[in-house]
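Participant: Residue numbers (the numbering used here): 625 to 1071.
All C-beta atoms in this analysis are idealised placements derived from N, C-alpha and C, irrespective of residue type, glycine included.
These numbers come from a predicted model, not from an experiment.
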Ligand code: AVJ
Ligand code: FE
């Protein structure tokens, strides 16, 4: 009697090999980028704590490698014994403000450790089973989690470099940006008629736990700005005494303002010739066409009140960014499901600046909002909380530990975000007083 072996789909191995090759290539590319960003830095710049809010860059490098070791070699199949590695590079054991006092290795030693961990991770990848393994490995999820972790720390490093002490950071090279375009009136809005939409995702191959599950929400009709609020618009708020008008600020915002002693967005400076802004080593006269950047939630909220508007909720933001009313589906990106390229949005760091709003003509959502992905993270009015039915996966310290009313959600990524780390459903969060992030906003209004 012939033994009938159930046929395996012919491409099973080929597909797994392809996935292995793709992931290996992405890991290599991610590391090349990280090292490219830090290449111009001296040993002193790498070890220094440039700001109490930020780690020494060497800590980020060691932490990137330790996280990779934890997830891609030690935790890959067995049960997850700890969710963050113990020791020097555990973020919970050592808050950012004290990381300058840790005994961090030199760059040479750090790079040896990074290489050694990478070699083991790549060797282990060769035998990874993406189909029958634990959920962590299914479809290669854990590799994309580790990749996104490195991408996110690249943006963290760029925040540090924007705050750098001593001589400003000078990038090795800058990708050119599209010229300004004169088709949108500042503050112009589009209408969404309301109704039942879906937000979030059920994807388990790349999405974070906080993006799941996909769920229905009922949205009231609303208006939302076609572009992020520009420097030109925000300057009107500054010049109208916005920072001194109590009635524009929430109690919490006013409290922050009285302690912070702030009169304009971070990195704006008033000179005899007018306001200037600085991005890394580039100081220029305030460009009215670029999105305002480095504002905290309270400044965004006060501006919105000044303009007779409000901030969007994150469900409104996601609807405006990705909901296609005619198809009744959400897109991965405003422009569709096509993977990012430099013409679609200002992402991926190498421009080292924001672009004029609306300049990426294809960066438009079905309802007509421009620039929802890239340039600046956009503050929403929503607290960072789990969606209905949220389940922590694979570790509670990524998202769940931060749920509650302390953090506000930001959406859409910035010029400093790597494309693999953002999509219409991606949720970022920070304290409402924070301005070190590449953060701006757009406004909404009730119908
Ligand atoms: C998602 C940007 C808020 O930096 O705290 C990095 C990302 N989590 N390592 C952060 C993160 C663990 C996280 N944010
Ligand atoms: Fe981290």
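Measure from the alpha carbon of residue 669 to the alpha carbon of each residue in 652, 752, 782, then state which is nearest.
Facilitator: 782
Participant: Go ahead and label residue 1062 buried or exposed: buried means 16 or more other beta carbons lie within 10 angstroms of its beta carbon, across all protein chains shown.
Facilitator: buried
Participant: List in chain order the residues whose CB is within less than 7 Å of at least one heavy atom of the ligand AVJ.
Facilitator: 715, 773, 776, 777, 780, 1022, 1052, 1053, 1054
Participant: Out of curiosity, what's the CA-to-CA distance linking residue 980 and residue 1008?
Facilitator: 29 Å
Participant: For the alpha helix (DSSP H) containing residue 982, name the first residue and the last one.
Facilitator: For residue 982, there is no enclosing alpha helix (DSSP H), since its DSSP letter is neither H nor E.
Participant: I'd like to check one pair, residue 748 with residue 697: are the Cβ atoms closer than 8 Å?
Facilitator: Yes; because the gap between Cβ atoms is below 8 Å, this pair is in contact.
Participant: Tell me where the alpha helix (DSSP H) around residue 619 begins and ends.
Facilitator: This structure cannot speak to residue 619, because the chain is shown only from 625 to 1071.
Participant: Do you know offhand how far residue 919's Cα is from residue 1055's?
Facilitator: 12 Å
Participant: Under 7 Å from any heavy atom of the ligand FE, does the C-beta of residue 718 make it?
Facilitator: no
Participant: For the candidate residues 690, 728, 677, whose alpha-carbon lies nearest to that of residue 744?
Facilitator: 690
Participant: May I ask you to check if the CB of residue 691 is nearer than 7 Å to at least one heavy atom of the ligand FE?
Facilitator: yes
Participant: Taking only three categories from DSSP, how would you classify residue 860?
Facilitator: helix
Participant: Just to confirm the assignment, what range does the beta strand (DSSP E) spanning residue 1034 have?
Facilitator: 1032-1035
Participant: Quick one: does the C-beta of residue 910 sit closer than 7 Å to a heavy atom of the ligand GTP?
Facilitator: The ligand GTP is not part of the structure shown, which contains the ligand AVJ and the ligand FE as its ligands.
Participant: In chain order, what residues of the same chain have a beta carbon less than 6 Å from the beta carbon of residue 1069, not counting five sequence neighbours either side?
Facilitator: Residues of the same chain with a CB within less than 6 Å of the CB of residue 1069, apart from the 5 flanking positions on each side, are 847, 933 in chain order.
Participant: List the endpoints of the continuous alpha helix (DSSP H) containing residue 974.
Facilitator: Neither: residue 974 is in no alpha helix (DSSP H) and is coded neither H nor E.
Participant: Mind checking which residues open and close the beta strand (DSSP E) that includes residue 840?
Facilitator: 839-843
Participant: Does the distance between the C-beta of residue 687 and the nearest non-hydrogen atom of the ligand FE fall short of 7 Å?
Facilitator: yes
Participant: Taking only three categories from DSSP, how would you classify residue 905?
Facilitator: coil
Participant: Could you pull the start and end residues of the alpha helix (DSSP H) that residue 769 belongs to?
Facilitator: 765-786
Participant: Across the stretch 895-903 and the stretch 942-954, are there enough close Cβ pairs to call them in contact, namely three or more that are closer than 8 Å?
Facilitator: no
Participant: Assign residue 929 to buried or exposed, taking buried as 16 or more other Cβ atoms, counted over all protein chains shown, within 10 Å of its Cβ.
Facilitator: buried
Participant: To the nearest angstrom, report how far apart residue 970 and residue 964 are at their CA atoms.
Facilitator: Residue 970 and residue 964: Cα-Cα distance of roughly 10 Å.
Participant: In whole angstroms, give me the CA-to-CA distance for residue 1050 and residue 725.
Facilitator: 33 Å
Participant: Roughly how many whole angstroms lie between the Cα atoms of residue 855 and residue 732?
Facilitator: If you take the alpha carbons of residue 855 and residue 732, they lie about 42 Å apart.
Participant: With a threshold of 16 other CB atoms inside 10 Å of the CB of residue 633, please say whether the residue is buried or exposed.
Facilitator: Note on residue 633: pLDDT 43, under 50, position unreliable in the model; the coordinate value appears next. When all chains shown are included, residue 633 counts as exposed.
Participant: State the CB to CB distance for the pair residue 904 and residue 792, rounded to an integer number of angstroms; the pair is presumed to be in contact (CB under 8 Å).
Facilitator: 6 Å
Participant: Report the residue from 911, 1005, 719, 1010 whose alpha carbon sits nearest the alpha carbon of residue 805.
Facilitator: 911
Participant: To the nearest angstrom, report how far apart residue 924 and residue 746 are at their CA atoms.
Facilitator: 44 Å
Participant: Closer than 8 Å by C-beta to residue 858: which residues in its own chain qualify, once you throw out the five before and the five after it? Chain order, please.
Facilitator: 889, 916, 919, 927
Participant: Find out if the Cβ-Cβ distance for the pair residue 949, residue 988 is shorter than 8 Å.
Facilitator: no
Participant: Going by DSSP, which residues form a beta bridge with residue 724?
Facilitator: Note: residue 724 sits in no beta bridge, so no partner.
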